[in-house]
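Engineer: Quick one: the structure is below, and I'll ask about it shortly.
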Amino acid sequence: MKNYSAVLAMDDDELSQLVVDLIDYGDSVSEIFSKIDSKMQNLGNYYVGNSYNEFMKAYREFRKNYPIVKNTIVSYSDDLIALMNKVHAGDHQIAFAIENITDAITNEAKKINEL
82 MKNYSAVLAM DDDELSQLVV DLIDYGDSVS EIFSKIDSKM QNLGNYYVGN SYNEFMKAYR
142 EFRKNYPIVK NTIVSYSDDL IALMNKVHAG DHQIAFAIEN ITDAITNEAK KINEL
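Take any residue in the sequence shown, note its place counting from 1, add 81, and you have its number in our numbering.
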(Lines of atoms letter the chains of each structure in order from A; the text may use other names.)
(Lines give C-alpha, C1' and ligand atoms only; values in the text may rest on other atoms or scores of the structure.)
Protein backbone atom coordinates (compact mmCIF):
# COMPACT_ATOMS: atom_id res chain seq x y z
CA MET A 82 0.00 0.00 0.00
CA LYS A 83 1.32 3.42 -0.88
CA ASN A 84 2.02 5.82 1.95
CA TYR A 85 -0.48 8.65 1.74
CA SER A 86 -0.39 11.22 4.47
CA ALA A 87 -3.67 12.85 5.28
CA VAL A 88 -4.29 16.06 7.13
CA LEU A 89 -6.32 15.31 10.23
CA ALA A 90 -8.29 17.92 12.07
CA MET A 91 -6.90 16.68 15.36
CA ASP A 92 -3.57 16.92 17.11
CA ASP A 93 -2.56 13.42 18.25
CA ASP A 94 0.07 14.68 20.67
CA GLU A 95 -2.30 17.15 22.26
CA LEU A 96 -5.10 14.60 22.57
CA SER A 97 -2.70 12.00 23.97
CA GLN A 98 -1.59 14.52 26.58
CA LEU A 99 -5.22 15.26 27.38
CA VAL A 100 -5.81 11.52 27.93
CA VAL A 101 -2.89 11.44 30.38
CA ASP A 102 -4.16 14.61 32.08
CA LEU A 103 -7.63 13.12 32.53
CA ILE A 104 -6.18 10.00 34.13
CA ASP A 105 -4.09 12.22 36.41
CA TYR A 106 -7.21 14.22 37.30
CA GLY A 107 -8.97 10.99 38.22
CA ASP A 108 -6.07 10.11 40.51
CA SER A 109 -6.11 13.61 42.02
CA VAL A 110 -9.83 13.37 42.69
CA SER A 111 -9.26 10.04 44.44
CA GLU A 112 -6.59 11.65 46.64
CA ILE A 113 -8.95 14.49 47.52
CA PHE A 114 -11.73 12.03 48.36
CA SER A 115 -9.30 10.08 50.54
CA LYS A 116 -8.38 13.27 52.44
CA ILE A 117 -12.06 14.09 52.92
CA ASP A 118 -12.67 10.56 54.24
CA SER A 119 -9.82 10.98 56.70
CA LYS A 120 -11.19 14.30 57.96
CA MET A 121 -14.67 12.84 58.25
CA GLN A 122 -13.42 9.90 60.30
CA ASN A 123 -11.62 12.28 62.66
CA LEU A 124 -14.74 14.38 63.02
CA GLY A 125 -16.04 11.89 65.56
CA ASN A 126 -13.30 13.00 67.95
CA TYR A 127 -14.86 16.47 68.17
CA TYR A 128 -18.49 16.05 67.30
CA VAL A 129 -20.74 13.54 69.07
CA GLY A 130 -24.37 12.78 69.46
CA ASN A 131 -27.38 12.10 67.31
CA SER A 132 -26.70 15.00 64.95
CA TYR A 133 -23.21 13.58 64.28
CA ASN A 134 -24.74 10.18 63.48
CA GLU A 135 -27.22 11.78 61.08
CA PHE A 136 -24.47 13.86 59.48
CA MET A 137 -22.28 10.78 58.99
CA LYS A 138 -25.22 8.83 57.57
CA ALA A 139 -25.75 11.60 55.01
CA TYR A 140 -22.01 11.68 54.28
CA ARG A 141 -21.91 7.92 53.66
CA GLU A 142 -24.74 8.32 51.15
CA PHE A 143 -22.92 11.20 49.51
CA ARG A 144 -19.67 9.22 49.47
CA LYS A 145 -21.25 6.57 47.24
CA ASN A 146 -20.82 9.10 44.42
CA TYR A 147 -17.02 9.15 44.70
CA PRO A 148 -16.42 6.17 42.40
CA ILE A 149 -18.94 7.52 39.90
CA VAL A 150 -17.10 10.85 39.72
CA LYS A 151 -13.70 9.20 39.25
CA ASN A 152 -15.00 6.66 36.70
CA THR A 153 -16.68 9.44 34.72
CA ILE A 154 -13.44 11.41 34.50
CA VAL A 155 -11.47 8.31 33.47
CA SER A 156 -14.14 7.32 30.94
CA TYR A 157 -13.53 10.63 29.15
CA SER A 158 -9.96 9.48 28.52
CA ASP A 159 -11.25 6.14 27.21
CA ASP A 160 -13.65 8.00 24.91
CA LEU A 161 -10.84 10.16 23.55
CA ILE A 162 -8.72 7.09 22.83
CA ALA A 163 -11.65 5.44 21.02
CA LEU A 164 -12.23 8.63 19.01
CA MET A 165 -8.58 8.83 17.99
CA ASN A 166 -8.63 5.17 16.92
CA LYS A 167 -11.79 5.68 14.86
CA VAL A 168 -10.38 8.73 13.11
CA HIS A 169 -7.18 6.87 12.28
CA ALA A 170 -9.10 3.82 11.05
CA GLY A 171 -11.28 6.04 8.86
CA ASP A 172 -8.20 7.82 7.54
CA HIS A 173 -6.63 4.50 6.54
CA GLN A 174 -9.84 3.35 4.86
CA ILE A 175 -10.05 6.55 2.84
CA ALA A 176 -6.38 6.32 1.84
CA PHE A 177 -6.89 2.68 0.78
CA ALA A 178 -9.96 3.63 -1.27
CA ILE A 179 -8.09 6.48 -2.96
CA GLU A 180 -5.22 4.11 -3.75
CA ASN A 181 -7.60 1.57 -5.30
CA ILE A 182 -9.37 4.22 -7.39
CA THR A 183 -6.04 5.68 -8.50
CA ASP A 184 -4.77 2.23 -9.50
CA ALA A 185 -8.00 1.49 -11.39
CA ILE A 186 -7.87 4.81 -13.27
CA THR A 187 -4.17 4.28 -14.05
CA ASN A 188 -4.89 0.80 -15.42
CA GLU A 189 -7.76 2.12 -17.54
CA ALA A 190 -5.54 4.93 -18.86
CA LYS A 191 -2.87 2.37 -19.79
CA LYS A 192 -5.44 0.30 -21.66
CA ILE A 193 -6.62 3.38 -23.56
CA ASN A 194 -3.03 4.32 -24.43
CA GLU A 195 -2.41 0.82 -25.74
CA LEU A 196 -5.24 1.18 -28.25
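Beta carbons are placed, not taken as given, at the ideal position from N, Cα and C, and that holds for glycine.
Taking 8 angstroms as the threshold, find out whether the stretch 126-144 comes into contact with the stretch 157-169 through three or more Cβ pairs.
Structural biologist: no
Engineer: What number of angstroms, rounded off, separates the C-alpha of Asp-105 from the C-alpha of Asp-94?
Structural biologist: Here residue 105 is taken as the residue at index 24 of the sequence shown, counted from 1. Here residue 94 is taken as the residue at index 13 of the sequence shown, counted from 1. Taking the straight line from one Cα to the other gives about 16 angstroms.
Engineer: Mind listing, in chain order, the continuous alpha helix (DSSP H) runs of no fewer than 4 residues lying wholly within the stretch 128-152?
Structural biologist: 131-144
Engineer: Buried or exposed for Gly-107, please, with buried defined as at least 16 other CB atoms from any protein chain shown within 10 angstroms of its CB.
Structural biologist: Numbered from its first residue, the sequence shown carries residue 107 at position 26. Per the 10 Å Cβ criterion, buried.
Engineer: Which residue wins for smallest C-alpha separation from Ser-109, given the options Leu-96, Val-155 and Ala-176?
Structural biologist: Mapped onto the sequence shown, residue 109 falls at position 28. Out of Leu-96, Val-155 and Ala-176, Val-155 has the C-alpha closest to the C-alpha of Ser-109.
Engineer: From the DSSP output, in three-state form, read off Asp-92 for me.
Structural biologist: Locating residue 92 in the sequence shown gives position 11, counting from the first residue. Judged by DSSP in its simplified three-state form, Asp-92 adopts coil rather than helix or strand.
Engineer: Distance check for Met-165 and Ala-190, CA to CA, integer angstroms please.
Structural biologist: Locating residue 190 in the sequence shown gives position 109, counting from the first residue. Locating residue 165 in the sequence shown gives position 84, counting from the first residue. When rounded, the distance between both Cα atoms is 37 angstroms.
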